[in-house]
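Residue numbers (the numbering used here), protein chains in the order written: chain A, 27 to 538; chain B, 495 to 806.
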């Protein structure tokens, strides 16, 4: 008898080892490919921190439902003066922070002051430079005056890096400590951060839009896409993204739900405008002709991205898709050869030419660089592909040391954010060292113009000059944001910025 | 023996100074800097300059080194990424790595020593060929590959065990469930080499005269193998296991990344990519201490295994 009990007990123990506990709570497990460095909006850079902070904090205005139009969130309404310089916001009076403090205009002023405080080295301070003064006439009103009109200002206020902090609580602990135990007004409260393991949030029952349907959300950083895929297939994760294109096909076959939207991340090839022969328009055109981009791009990106024709994403003001598409250079080996021969004859390019294309370590950009390298070999040009890690590559790019590079960009849906820093001569993101007065002037005008039609024209002028006259960059692709989720997840939609918005004015994600 | 241990521990001082100089030099010779890695690709020059000033990265290199060493020994070294004390960040992660290491060591020893002994005793048998082929396989296949294979088999196809992550200490059911796959994957490296070494060490002993004498005296085969032969073969096996512990730290870097395991290995790798110089510095120095201490323990173990060995 004893033996039978012993056997039964062992079997029970072994069974319990291999079978998970059924949870009564609704816990959404989300996989992210990188752990954020910060959860304090003032210090955040990068999509992973923004994505999680977007569930803990609220912004004055919201772009969560539509990337094109600001919707009220902490601000009930707002007015912009005729000269485009004075923004007056009326705030909600029924909002409380997770620690019970009431939300007032002092919190908004505190947050903006901290972003602009040099000591915090806030990555988003650059977008608030036009602010001249901030006034709080009463607890529910805030008036922001700018030096000059700045069209993308509402977007800056609606970015996740401008989530409103509780002034008292944040000031008490300081910016860095606050980053490890953040308090906001958002749908979820911060519970725990176990580095490299998980970040846990629980619902804010008193959330002013609606009570979240999920009880908890666990964000798990999983660096290997193969592991993320296995977690999704085995039910260890409910929601994930940034998988390998080949795994996505399998997810569909296995009955998982795959949702995609055109994203706000781009890939492009850039040439150095200061070094020969890259500075010669003929060389850039020859490279364009030499590479069959129309065949290569679907091969590299599959469903993860579509060919780009401009810097400005489709659907964003000034995208000018039809014109830009009509002016791309076709794949034409003969033309490429003729141009390379001409360059050699004029002494611009040596007979045996060798150079390096630099790219970050992600497989897609490496492949873009490799395709160019393979194609140019047919013209007797030896192209090395080097992929240093980011902290090494970035200083080289900034100092204009890269002759040719495969890079990317990601931003909010405003043409200024997609162009200004890339093409303005003194910007550290102008890796090509491109300096063209027509483009610079148009981009400066676009920044301050408030009429959308005029703004659109400025961006068209700039992009037409830089991309289909000077061919200083070759736009390669815009990536789609693809999320894979189990069938239990209800109401989740991917966002172009790769955010995980769980509760908004129109949605409240649930688990069946 | 105490004197010996103290002498060995004192040797740690010059060793740590050498390691710290070496790590510091490598960190500073690598292009790029922590401020860039911290603030991301859209940061302005001003923001980067401010961050460099904030973390004293604009000081002359010798001053930075002295600060780093002084802070390390005072326990004040701060991680740039974690905004926390390096020692507490590392110690917080150490249990996850040590538990994983211990469990994989246990799996490896339980499997490889008996297999090695049987292979030696039944030399040139089918079992011997099969186990040596498996061991060869284990030595040659990279840890991350076995990791992914295990995940697909046990988590995706059979759905018996979780694919990745840390579930708590291994004495809890959830903790053990999460630890089985990474520990198994990490144990393969050690298992393979220990099996091969046990076999060859046993083969060397098993043909010696005293073994034949013991058998001739009528001692049973099992007793001879276990108490006469195996005990004498233990020294090279213990040395190997000691050395392998260091390799396991290196293996843990890969295993922890594949299994999204929050241990010291992944911490160190992430710190390198994030250019968190104080954390890389702290991790390497602490790992050096752990390595030296483990090797000291192995050396002290020799005295127990073979009383003829003296430490004076």
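Virtual Cβ for every residue (Gly too), placed ideally from N, Cα, C.
Checklist entry - Whose Cβ in chain B lies nearer than 7 Å to the Cβ of residue 248 of chain A? => result Ordered by position in chain B, the residues that pass the 7 Å Cβ test against residue 248 of chain A are 658 and 754.
Item to check | chain A residues whose Cβ lies nearer than 8 Å to that of residue 548 of chain B | outcome: Near residue 548 of chain B (Cβ distances below 8 Å), the residues of chain A are 145 and 147.
Next on the checklist: Within a Cβ cutoff of 7 Å, which residues of the same chain sit near residue 800 of chain B, ignoring the five residues on either side of it in sequence?
Outcome noted: Closer than 7 Å at Cβ, skipping near neighbours: 729.
Checklist entry - Can you tell me whether residue 230 of chain A is buried or exposed, with buried defined as 16 or more other CB within 10 angstroms of its CB? => result Buried is the call here.
Checklist entry - Can you find a C-beta in chain B that's less than 8 Å from the C-beta of residue 521 of chain A? => result It does not; no Cβ of chain B falls within 8 Å.
Item to check | Close beta carbons around residue 590 of chain B, own chain, < 7 Å, minus the five adjacent residues each side | outcome: In the same chain as residue 590 of chain B, and ignoring 5 residues on each side of it, the C-beta atoms closer than 7 Å to its own belong to 660, 755, 756 and 757, in chain order.
Checklist entry - Skipping 5 residues on each side, what residues in its chain have a beta carbon closer than 6 Å to that of residue 803 of chain B? => result 796 and 797, listed in sequence order.
Checklist entry - How would you call residue 564 of chain B, buried or exposed, if buried means at least 16 neighbouring beta carbons within 10 angstroms? => result Classification for residue 564 of chain B: exposed.
Checklist entry - With a cut-off of 8 Å, do at least 3 Cβ pairs link the region 406–417 of chain A to the region 523–535 of chain B? => result By the criterion of at least three beta-carbon pairs nearer than 8 Å, the region 406–417 of chain A is in contact with the region 523–535 of chain B.
Checklist entry - So is residue 206 of chain A in contact with chain B if we call contact Cβ pairs under 8 Å? => result Chain B places a beta carbon closer than 8 Å to that of residue 206 of chain A, counting this residue as a contact.
Item to check | Of the residues A:461, A:198 and A:351, the one placed nearest residue 298 of chain A, counting alpha carbons only | outcome: The option with the nearest alpha carbon to residue 298 of chain A is A:461.
Next on the checklist: Here's the rule I'm using: 16 or more other beta-carbon atoms within 10 Å means buried, otherwise exposed. How should residue 643 of chain B be labelled?
Outcome noted: It is exposed - the Cβ of residue 643 of chain B has fewer than 16 other Cβ atoms within 10 Å.
Next on the checklist: Within 8 Å of any Cβ in chain A, is that where the Cβ of residue 653 of chain B sits?
Outcome noted: Any Cβ of chain A closer than 8 Å to the Cβ of residue 653 of chain B would place that residue at the interface, and such an atom is present.
Checklist entry - Quick one: which chain A residues come within Cβ less than 7 Å of residue 575 of chain B? => result One finds 63 in chain A with Cβ atoms closer than 7 Å to the Cβ of residue 575 of chain B, taken in chain order.
Checklist entry - At which residues does the alpha helix (DSSP H) containing residue 363 of chain A begin and terminate? => result Counting along the chain, the alpha helix (DSSP H) containing residue 363 of chain A begins and ends at 359–371.
Checklist entry - At a Cβ threshold of 8 Å, is residue 420 of chain A touching chain D? => result Considering every chain present, this structure includes no chain D. Its protein chains are A and B.
Checklist entry - Just how far apart, CA to CA, sit residue 527 of chain B and residue 721 of chain B? => result Spanning the alpha carbons of residue 527 of chain B and residue 721 of chain B requires a straight line of approximately 58 Å.
Item to check | Residues near residue 5 of chain A by beta carbon distance below 6 Å, same chain, minus five either side | outcome: A question about residue 5 of chain A goes unanswered here, because the residues of chain A that appear run from 27 up to 538.
Checklist entry - Are residue 727 of chain B and residue 695 of chain B close, meaning C-beta to C-beta below 8 Å? => result Taking the C-beta atoms as reference points, residue 695 of chain B is found nearer than 8 Å to residue 727 of chain B.
Checklist entry - Which same chain residues, not among the five before or five after residue 775 of chain B, have their C-beta less than 8 Å away from its C-beta? => result So the qualifying residues of the chain are 514, 517, 518, 521, 562, 566, 571 and 580.
Item to check | Exposed unless 16 or more other CB atoms sit within 10 angstroms - verdict on residue 103 of chain A | outcome: Its Cβ having fewer than 16 others within 10 Å, residue 103 of chain A is exposed.
Next on the checklist: Looking at residue 149 of chain A: is its Cβ nearer than 8 Å to the Cβ of residue 440 of chain A?
Outcome noted: Cβ distance not < 8 Å, so residue 149 of chain A and residue 440 of chain A don't count as in contact.
Next on the checklist: My output table needs one value for residue 514 of chain B: the three-state DSSP class, helix, strand or coil.
Outcome noted: Correct three-state label for residue 514 of chain B: helix.
Item to check | Candidates A:190, A:124 and A:111: closest to residue 88 of chain A by CA position | outcome: Considering only alpha carbons, the answer is A:190.
Checklist entry - Straight-line CA distance for residue 85 of chain A to residue 188 of chain A? => result Distance between residue 85 of chain A and residue 188 of chain A, taken at the CA atoms: about 6 Å.
Next on the checklist: Looking at residue 525 of chain B: is its Cβ nearer than 8 Å to the Cβ of residue 386 of chain A?
Outcome noted: Taking 8 Å as the Cβ cut-off, residue 525 of chain B and residue 386 of chain A do not qualify as a contacting pair.
Checklist entry - Does DSSP put residue 583 of chain B in a helix, in a strand, or in coil? => result Three-state DSSP puts residue 583 of chain B in a helix.
Next on the checklist: Our contact map puts residue 873 of chain B next to residue 688 of chain B with C-beta atoms below 8 Å; I'd like the distance itself, whole angstroms only.
Outcome noted: Outside the shown range of chain B (495 to 806) lies residue 873 of chain B, about which nothing can therefore be said.
Checklist entry - Any chance the region 226–246 of chain A sits against the region 285–292 of chain A, with 3 or more Cβ pairs inside 8 Å? => result Too few Cβ pairs lie closer than 8 Å, so no.
Item to check | Where the alpha helix (DSSP H) through residue 498 of chain A begins and ends | outcome: No alpha helix (DSSP H) holds residue 498 of chain A; DSSP gives it neither H nor E.
Item to check | Sequence-distant residues of the same chain with beta carbon closer than 7 Å to residue 648 of chain B, five excluded per side | outcome: The beta carbon of residue 648 of chain B sits closer than 7 Å to those of 654, 655 and 675, all from its chain and outside the five residues before and after it, given in chain order.
Checklist entry - Exposed or buried, residue 725 of chain B, counting other C-beta atoms within 10 Å across all chains shown (16 or more means buried)? => result Residue 725 of chain B comes out exposed.
Item to check | Which listed residue (B:692, B:740, B:697 and B:680) has its alpha carbon closest to that of residue 731 of chain B | outcome: Distance from the Cα of residue 731 of chain B is smallest, within the candidate group B:692, B:740, B:697 and B:680, for B:692.
Checklist entry - Would you call residue 620 of chain A buried or exposed, if buried means 16 or more other Cβ atoms sit within 10 Å of its Cβ? => result One cannot answer for residue 620 of chain A here, as it falls past the ends of chain A, which runs 27 to 538.
Checklist entry - Could you check where the beta strand (DSSP E) with residue 164 of chain A kicks off and where it finishes? => result It spans 157–164 - the beta strand (DSSP E) in which residue 164 of chain A sits, taken as one unbroken run.
Item to check | Host alpha helix (DSSP H) of residue 643 of chain B (start-end) | outcome: Note, residue 643 of chain B: alpha helix (DSSP H), 637–644.
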